[in-house]
Amino acid sequence: MKIEEIVTLGEQYLMNNYKRLPVSFVEGKGCYVTDTENKTFLDFIGGIAVNNLGHSPKAVVEAIKAQAEKLMHVSNVFWIESQIALAKILVDHSFADKAFFCNSGAEANEGAIKLARKYAYKKYGVNKYEIIAMSGSFHGRTLGTLATTDNKKYQEGYGPIPEGFKFATFNDIESIKQLVNENTCGILIEPVQGEGGVTPVDKQFLMEVKELCLEKDILLIFDEIQCGIGRTGKLFAYQHFGIEPDIMSLAKALGGGFPIGAVVAKEEVATAWQPGDHGTTFGGNPLACASGVATMKSILDEKLWEKAEEMGKYFTKKLQVFVETYPWVKQVKGMGLMLGLELEIEGASIVEKAFQQGVLINCTAGKVLRFVPPLIVEKDDIDLLIDTLDGIFIEIEVE
Ligand SMILES: Cc1ncc(COP(=O)(O)O)c(C=O)c1O
Numbered sequence: 146m147k148i149e150e151i152v153t154l155g156e157q158y159l160m161n162n163y164k165r166l167p168v169s170f171v172e173g174k175g176c177y178v179t180d181t182e183n184k185t186f187l188d189f190i191g192g193i194a195v196n197n198l199g200h201s202p203k204a205v206v207e208a209i210k211a212q213a214e215k216l217m218h219v220s221n222v223f224w225i226e227s228q229i230a231l232a233k234i235l236v237d238h239s240f241a242d243k244a245f246f247c248n249s250g251a252e253a254n255e256g257a258i259k260l261a262r263k264y265a266y267k268k269y270g271v272n273k274y275e276i277i278a279m280s281g282s283f284h285g286r287t288l289g290t291l292a293t294t295d296n297k298k299y300q301e302g303y304g305p306i307p308e309g310f311k312f313a314t315f316n317d318i319e320s321i322k323q324l325v326n327e328n329t330c331g332i333l334i335e336p337v338q339g340e341g342g343v344t345p346v347d348k349q350f351l352m353e354v355k356e357l358c359l360e361k362d363i364l365l366i367f368d369e370i371q372c373g374i375g376r377t378g379k380l381f382a383y384q385h386f387g388i389e390p391d392i393m394s395l396a397k398a399l400g401g402g403f404p405i406g407a408v409v410a411k412e413e414v415a416t417a418w419q420p421g422d423h424g425t426t427f428g429g430n431p432l433a434c435a436s437g438v439a440t441m442k443s444i445l446d447e448k449l450w451e452k453a454e455e456m457g458k459y460f461t462k463k464l465q466v467f468v469e470t471y472p473w474v475k476q477v478k479g480m481g482l483m484l485g486l487e488l489e490i491e492g493a494s495i496v497e498k499a500f501q502q503g504v505l506i507n508c509t510a511g512k513v514l515r516f517v518p519p520l521i522v523e524k525d526d527i528d529l530l531i532d533t534l535d536g537i538f539i540e541i542e543v544e
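When you line the sequence shown up against our numbering, it's residues 146 to 544, in that order.
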């Protein structure tokens, strides 16, 4: 089908909740995707930090094919071997002792919030339910996760938003201390904020938050949905800071492109859930977990976080040249291959121009160009992106 026809049909049959670019992709390999007109694009969005192994990674494709032919779905009232295998991988390589699987990032954060509340409820009763989230946060679009997402526009028109959630200033310990009371049950933090502008957490801040959590028996919850699975130069971003959470949410890259989310937690916290306390029909089904196992094995076998670190350094250096060259380019932000270029101008028109030139990037928080390419990206790909941006930047006139 021609793109014009796809757009017409899409507008007729799909809800209008996304601002879509006029393109439809039919194939993807590595860092590149090809559209219906046979034009190839360099992809530095990677499904928004999903395609860490690149598009259609062979190991994941084969695992999905083999599993689909055997058994795709059975209920969680039965034991699922690949679910246990994926849980073991996550436990073996993180602070966690137990895992629960779901289908998306928002669902993982819902689970994390519910688990924190249940733990506090069982230990302290009905009043210890408050969760403190951070300014600039994004945790998802369900009602519960919207309550922890610091974006008025996303909340508008959906009230009443569930209560029991407060916002502290990201990286400001005093603002957390002002909000903490005997009813606080959890503090929810993205170790590197994604939608909020690609901003890493400050180590000192995190250390003080952890101390506060230990002192007041508050659970520390890390949302590693965007920054996890090798992206920042460690398997999990929290490993940069030497501070372990009690609960962590994962999704996006965990399935190599197949939808899957997870909540992982320390034993003492995880046991707050007993049969019937939480659930999902599809979460952790054989097909999703086969893709998760194949994805995690590839990431671990290839130590892809090391590649993210190495390419991230190369990429950062190149982006830094823009900061020195163009007065309206403010700074490079982020870690590993989760990078942002903060501008003094809106980034939308740059995204549009890059798209026209066959390069996919996106913009977050209005003025931060965000780069979350597959972790298998090579120097040549980074050079192509940099050259394309330079060609666009040089034409921009800012008063
Ligand atoms: C940090 C973070 N948490 C949660 C979510 C929500 O994930 P999902 O869109 O899979 O519900 C996102 C999605 O962008 C995210 O970046």
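For every residue, glycine included, the Cβ atom is placed at its ideal position computed from N, Cα and C.
From a predicted model like this one, the values you see are computed outputs, not experimental measurements.
Hey, residue i and residue j are a contact pair by Cβ (cut 8 Å); roughly how many whole angstroms apart?
i, j, result
"L514", "F186", "Between F186 and L514 the Cβ distance is about 16 Å, and since that is not below 8 Å, they are no contact."
"P336", "E369", "7 Å"
"V414", "Y264", "5 Å"
"E117", "I318", "One cannot answer for residue 117 here, as it falls past the ends of the chain, which runs 146 to 544."
"G400", "W450", "Not confirmed; about 18 Å, so no contact."
"D391", "K411", "5 Å"
"R111", "Y299", "Past the boundaries of the shown model lies residue 111; the chain is included only from 146 to 544, so the question cannot be answered."
"G281", "Q338", "5 Å"
"H284", "L333", "7 Å"
"L488", "K512", "5 Å"
Is residue j closer than 8 Å to residue i when the C-beta atoms are compared?
i, j, result
"A213", "S443", "no"
"T179", "I148", "no"
"V343", "K478", "yes"
"L364", "C372", "no"
"Q501", "T533", "no"
"W418", "L260", "yes"
"F310", "A292", "yes"
"F467", "L486", "yes"
"C330", "Y383", "no"
"L482", "G457", "yes"
"I277", "A232", "no"
"V409", "A241", "yes"
"S249", "M393", "no"
"L198", "T440", "yes"
"I521", "G175", "yes"
"T247", "G437", "For clarity, residue 247 is Cys in the given sequence; the question names Thr instead. No. Outside cutoff."
"I193", "S169", "no"
"N328", "T290", "no"
"V543", "I495", "no"
"L324", "I306", "no"
"L351", "F381", "no"
"S227", "A435", "yes"
"N221", "G424", "yes"
"K463", "I527", "yes"
Suppose the cutoff is 7 Å on Cβ atoms and the five residues either side in sequence are ignored; what does the same chain contact list for residue i look like?
i, result
"V195", "K397, A398 and G402"
"K355", "L365 and I388"
"I190", "L505, I506, N507 and V517"
"Q465", "V477"
"R262", "Y274 and C330"
"D422", "K263"
"Y471", "F538"
"E454", "G378 and G481"
May I ask you to report which of helix, strand or coil DSSP gives residue i?
i, result
"I321", "helix"
"C247", "strand"
"G373", "coil"
"L260", "helix"
"D391", "coil"
"T416", "coil"
"Q338", "strand"
"N254", "helix"
"G155", "helix"
"H200", "strand"
"I225", "coil"
"I366", "strand"
"T314", "coil"
"V205", "helix"
"L514", "strand"
"G331", "strand"
If you drop the 5 nearest sequence neighbours on each side, which residues of the same chain put their C-beta closer than 6 Å to that of residue i?
i, result
"A244", "A232, L235, A407 and V409"
"G173", "H200 and S201"
Under 8 Å Cβ to Cβ from residue i, same chain only, skipping five residues before and after it: list those, please.
i, result
"V219", "I225, N430 and P431"
"P167", "I148 and V152"
"K267", "A417"
"E207", "A439"
Please indicate yes or no: does the CB of residue i lie closer than 7 Å to some heavy atom of ligand 2?
i, result
"H284", "Within the structure as shown, ligand 2 is missing, the only ligands being ligand 1."
Exercise for review: Taking only runs that begin and end inside the stretch 425–498, name each unbroken alpha helix (DSSP H) of 4 or more residues, in chain order.
Suggested key: For the alpha helix (DSSP H) assignment, the uninterrupted runs of no fewer than 4 residues enclosed by the stretch 425–498 are, from N- to C-terminal side, 431–446 and 449–470.
Point to revise | Contiguous alpha helix (DSSP H) assignments of at least 4 residues, all confined to the stretch 271–312 | key: The qualifying runs are 288–291 and 297–300.
Practice item. Mind listing, in chain order, the continuous alpha helix (DSSP H) runs of no fewer than 4 residues lying wholly within the stretch 167–194? Key: Runs of the alpha helix (DSSP H) lying entirely within the stretch 167–194 and spanning at least 4 residues, in chain order: 191–194.
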